[in-house]
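Okay, structure first, notes after.
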Amino acid sequence: MPPIRLLEITPNPSPHIRDVGKRIHNRLLTSIQRREGSAESQLFDIPVLDHMTFGGTNWGNLGHPGGYTSYDYAAVIDESLGVEREKYSEAKLEANFLQASPAYTTSVYQNNTHTNGSYTGNPALTVTATFSDITKFFVIRQANYSSVTDVSYQITLPTSKGNITIPQWGGQLTLHGRDSKFHVTDYDVGGVNLLYSTAEIFTWKQYGSKRVLVVYGGPNEQHELAVSNGGRARIVEGSGVKSTIKNGATVLGFQTSPKRRVAIVSGDSVHLTGDLNATSSIEVIGGPQYLRQLTYNGKALKSKKMSCGSVTATATYKKPKVSIPDLSTIKWTVINDLPEIQSNYDDSKWTAADLRYTNNTVFNLTTPTSLSASDYGYNTGSLVYRGHFTATGTEKTLYLSTSGGSAYSHSIWLNDQHVGSFTGEDVVTKWNQTYNLNTTLSKGSAAVITVVIDHMSLDESYTIGADAMKNPRGILGFSLSGHAQSDVTWKLTGNLGGENYADKTRGPLNEGGLYAERQGYHLPGAPTSSWKSSTGPQEGLTGPGIAFYSTTFDLNLPVGYDIPLSISFANSTSDAYKAANGTARPAAYRCQLFVNGYQFGKYVHNVGPQDVFPVPQGIWNYQGSNSLAVSLWVQETAGAKVDGFSLIAGTAVQSGFGKVAPAPQPAWAKRVVYGCGNRSKRAQSEVHAKSCALARLAPMLIAQAKRMEEHEVAQRQLTRKLEVLQDGFATIQTLLDTRPGNPDDDSADETRIPFLPGHSRGASVATIGTAISPEDYDFPQPPSRNSEDSATTTTRSMHTANMSPPRRAPPVLPGVPRRDLLEPFSSDFDLAEPFPPLAAADPYASPLHHLLSMHESLREEMSRMATTLQELDGRHSMQMLNENIRSRDEVAHLGAQVAAIGRQVHWLTSTQLQRTQARGNGAQEGGAGPSNEHEDASAGAGIEAAVNAVSTAATALRGAARMVNAGALAGTTVDTSLFPLDTLKTRLQSAPGFFASGGFKGVYSGIGSAIVGSAPGAALFFVTYDSVKRSVAERNGGHVGAGGYMLAASLGEVAACAVRVPTEVVKQRAQAGVARGSREALSGIISLSRTHGFATMWGESYRGWSITVMREVPFTVIQFPLWEGMKRWSVSRRSTTDRARGVSAGESAVYGSLSGAVAAGLTTPLDVLKTRLMLAKEKESVVHITKRIWRDEGSRAFFSGLGPRTMWISIGGAVFLGSYQYVSNALGGIA
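Residues 5 to 1235, numbered by the working numbering, are exactly what the sequence shown covers, in order.
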């Protein structure tokens, strides 16, 4: 059976706009109705249900004419995203049950079960069944759908133990009113068979070898379930639960109460995210066995473990302070929104209604030209028409027929005088009326009829083939007394540009044709400074007309709360407007509501029913400036005003959702006409195309000309191909021509065949397939393979002109050239067959075959040459490799020579010093030397100075190399070995929380960036640190105090941060789950250079630079003076002879660990700020983040991750400074 789809399981009980409204819908379509309808549809294998989880808002002109702005027809989630409706809880129960019941997806509806009294024997009840291979599902409901009486029953269900009548404990089950219930048999709970259950299943979960099953029932209902476990069970909580063993199954009987009952529970941390509108209790069933921490929206809760294993806690709701503006007291400005009735109004850029036909197939014209708005591209929002005519003075009446959809309206003016209005009714989609013209026009004067129509959107097509969506909108017909219809020339406008609409961001349905909308005055930043001051829509108009009000105000709502905001209109009646029976009625006016440029409400005061218009966050800027605009269209002579207009806030929900990004809100800019001026030209051309015979032929003539052009191009291509073929055949004919002057010589003229000297009838003939030796043709020979060691490089460039002819011709197949070959392109020559068929006995006697054979031989020779060139390339590559090896050996040899020279310089210096010392002592040393003492002293001093300079430079280089190597090795060792601890610390400090950021999974995510940045960062630090420390020591006679160590460490960290910050940003985004790895995080940052420029990418790479430096500098200012001080203390405790040995790597590791732990604990708040700043989705200031953490999470949040951070840095300090000391000592330095 194909899948069944229910489009609307909760149909609108009143389809017209003037119905009872959504508040009555909610009372009619309750959770009971949902239980009754949804359960039954699920059992009937109906997999697709469209109506209605969330209806939302028909913002702009999105809705159909039969509805209104709200589409919240008793939805599960209300229009303001609230979940207070009981049916939300019911939908949640159903969803969890279906998700936990995979057997349902394979079950089959049982046709023979859907009868009154089946399974129960009670004709007042109907049971619908669906069976899978093992599990069976049953839905029980009232046979009379509308019955609200309670029915008691017993039910006999088929199980794996046979048919069982339930309840086995005795007594009755109860169905309350229009409720319906799910019963199951042989239901799998993670390998445990639930034999049957009359209580409905919420969900189940397996934890190791334990299972948790959650069931529920209505208030004070009796229920029963049985588990096929051989009778092995015990009750851990619940004095009201009865237990017995029947047929190898444990049968439990119980009565429902607000407290949950759990059969079996098993159990480190649980982190919950949710919404609160009141302080609520939380119960965790089946959580970790040893629950150590329970958090809600990132805040730790005090929890209590119950005897059954569940954990309870209380999530406290903190009511925020919400301040919103009073719309009746803030400053407004107003502008006339109907300048079209003024005598000096210029409509020259409007669209001329001059189409003498309509594109609409369901509507026939009753006017000389079409006045249907869609024929001119105006499909949404208000329409404005202006009919121009020359007065005769006899105009008394105006008949007008219009269409706009359900509850639409229109208003008419003759020049600036109001003629009348149709104020609208709920089901009326068209209106015909003759209006009296109370204005006498002067004969010959120019006059204008202005008609404003409220376009309520196009119809939906409910009936196939009816094409209701084509029902026209606009003026359908008119008649002006004393005039023919053709006397009136119409122009119209709608949303600016029509289908070429102006606002590409908010879309084609957001605007209509009122003057302020066309000018874009509903957008933020509209030029309202020159408008008239006003008190807002409550001020109103004293007569018919349209006004447009605008204001701006700021909102500063607390972050961390979902606070619904709505605009409310006050309904009112007045004695000034009386119905036919004399009773007061609402004034006839209409409003449109614009929030930051988005149309979020269409209020029809005299029709209704909607008077509260929710506007979501994102359209509102909850922490910023907002623009609010309202159009007021008054339709009656007594005028009207909005009696009440206010901004109201709903229940503030404490939420873990996070910050909502605002919708795009482009501001006002002066607009130009979009395409409307060209509409008339297009219309004229369309009319001309239909009326002119030549115009009707034009498409055919154009197509014919195009085909001729294509044929001409093809002909030119064929001509060129023929020319090439002709040249080719001429060349072949020349080559095959007999020798001139000797017609009996049938051999080819060897002087005319390139590179074939000696080729003649007597030339050697090769057998087909015989290989050709290059030596036979004097082809260039490849160089000898023994020349690989040659240092010369041969240029392999061979030109045909420099090649000597081969010693013999390539092979020619035997045969005699054909004398019956036709001259190419002669009258008898056939391009399809240039040569006549060959005789079977002489298949190769063809000059063409001769040429083809020669070409094949040359092609093979070229292939051999290519192979030879490849071999040469290979030998050249090997030669280059050998050259590289020799160069490397030479460099090594030169290095050895330099070392030997250095040793000789040291020896010479030593010898010279010995001689000098001996002369000073009056002794003579042997050995060659200078000829006199002066030369000796000068030479010795020069050599000593040179040696000292070389020695100083070498010492500096060795020191730098030692610092770089030691620092790089130490940094890499720490960052790789302790990376998991760093990941855990980062996730604990992230705003979403530990588990939301990945928990214990993927603790090595981002290690790539850590490896890349560790070595250069640590090397930069120690080069700077040791250099500054040595410089301070030189200035202070070898002494470095605590201040010197602090300065050296601070400058070292600043230098290291140049490398560390970018890699830290990449690493932490991978660790916290913001990106799936280092590569993705890096790609996301690099992509900013393409979308936002290099400066943005650079700023994102160094996000958190300031706070990182603020964290690292205090950290190192604490750690390194402590480390250096402990090392000095250790050395001072030794004997005098042992002090020269310095500090060992082990000692340095211990002191590094202790100093790191102290520094880590004291700088954890700075580390928290750094982590939050780097992980923020949008760039925020340190001050803003600090205030938000203090306000939302308290002081404890600044010490998040203290344990892992202290442990990580303590171990890291040991490894880092121990490794550094070890490498430094090994390389000959003592730090």
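Just so it is clear, CB atoms sit at the ideal spot from N, CA and C, and this is done for glycine as well.
Option in the options with minimal Cα separation from residue i
| i | options | result |
| --- | --- | --- |
| ARG1064 | HIS1043, LEU1024, ALA1037 | LEU1024 |
| GLY174 | VAL456, ARG711, SER1110, THR248 | THR248 |
| LYS495 | GLU83, ALA357, THR509, GLY448 | ALA357 |
| ILE345 | ASN364, LYS323, VAL456, THR299 | VAL456 |
| PHE58 | GLY70, LEU66, GLY501, GLU83 | GLU83 |
| PHE573 | ALA520, ALA530, GLU1128, GLY648 | GLY648 |
| VAL431 | ASP463, GLY601, THR655, SER1134 | ASP463 |
| SER150 | THR130, THR1190, GLY181 | GLY181 |
| ASN363 | GLY64, SER376, THR371 | SER376 |
| HIS422 | PRO548, VAL216, GLY1156 | PRO548 |
| TRP336 | SER449, SER554, GLY1198 | SER554 |
| ARG360 | PRO541, ASP379, LYS303, LEU217 | ASP379 |
Limits of the unbroken beta strand (DSSP E) element including residue i
| i | result |
| --- | --- |
| ASP1196 | Taken as a continuous stretch (DSSP letters only), ASP1196 belongs to no beta strand (DSSP E), being part of the alpha helix (DSSP H) at 1186–1196. |
| TYR519 | Unbroken run through TYR519 is the alpha helix (DSSP H), 519–523; no beta strand (DSSP E). |
| GLY549 | 549–560 |
| SER247 | 246–250 |
| TRP208 | 204–211 |
| TRP637 | 627–638 |
| ILE468 | Here ILE468 belongs to no beta strand (DSSP E), and DSSP marks it neither H nor E. |
| PHE393 | 387–394 |
| LEU500 | Unbroken run through LEU500: none, as it is neither H nor E. |
| TYR607 | 602–608 |
Residue i, DSSP secondary structure in three states
| i | result |
| --- | --- |
| THR655 | coil |
| SER534 | coil |
| VAL1147 | coil |
| ASN197 | strand |
| ILE345 | helix |
| GLN146 | strand |
| ARG477 | coil |
| ASN1303 | In the structure displayed, the chain extends from 5 to 1235; residue 1303 sits before or after that span and is not available. |
| TYR412 | coil |
| ARG1209 | helix |
| THR546 | coil |
| LEU331 | coil |
| VAL1117 | helix |
| PHE783 | Caution applies to PHE783, whose pLDDT of 38 falls short of 50 and renders its modelled position unreliable; the value that the coordinates give is listed next. Reduced to three states, the DSSP call for PHE783 is coil. |
| ASP279 | strand |
| ALA317 | strand |
| THR254 | strand |
| ASP566 | strand |
| TRP672 | coil |
Whole-angstrom distance between residue j and residue i, CA atom to CA atom
| i | j | result |
| --- | --- | --- |
| GLN596 | THR443 | 31 Å |
| PRO562 | VAL326 | 7 Å |
| GLY222 | THR260 | 7 Å |
| VAL1172 | ARG1195 | 15 Å |
| ASN383 | GLY498 | 8 Å |
| SER213 | ALA230 | 20 Å |
| ILE571 | THR134 | 48 Å |
| GLY448 | ALA488 | 16 Å |
| VAL155 | SER122 | 15 Å |
| SER631 | LEU85 | 23 Å |
| ALA425 | GLY70 | Strictly speaking, residue 425 in this sequence is Ser, with Ala absent from that position. Answer to the nearest angstrom: the Cα atoms are 21 Å apart. |
| PRO127 | ASP76 | 37 Å |
Extent of the continuous alpha helix (DSSP H) to which residue i belongs
| i | result |
| --- | --- |
| GLY1103 | 1098–1105 |
Chain C within 8 Å of residue i, Cβ atoms only
| i | result |
| --- | --- |
| GLY502 | Of the chains in the structure shown, none is chain C; there is only one protein chain. |
Could you name each continuous beta strand (DSSP E) segment of 3 residues or more that falls completely within the region 66–132, going from the start of the chain to the end?
none
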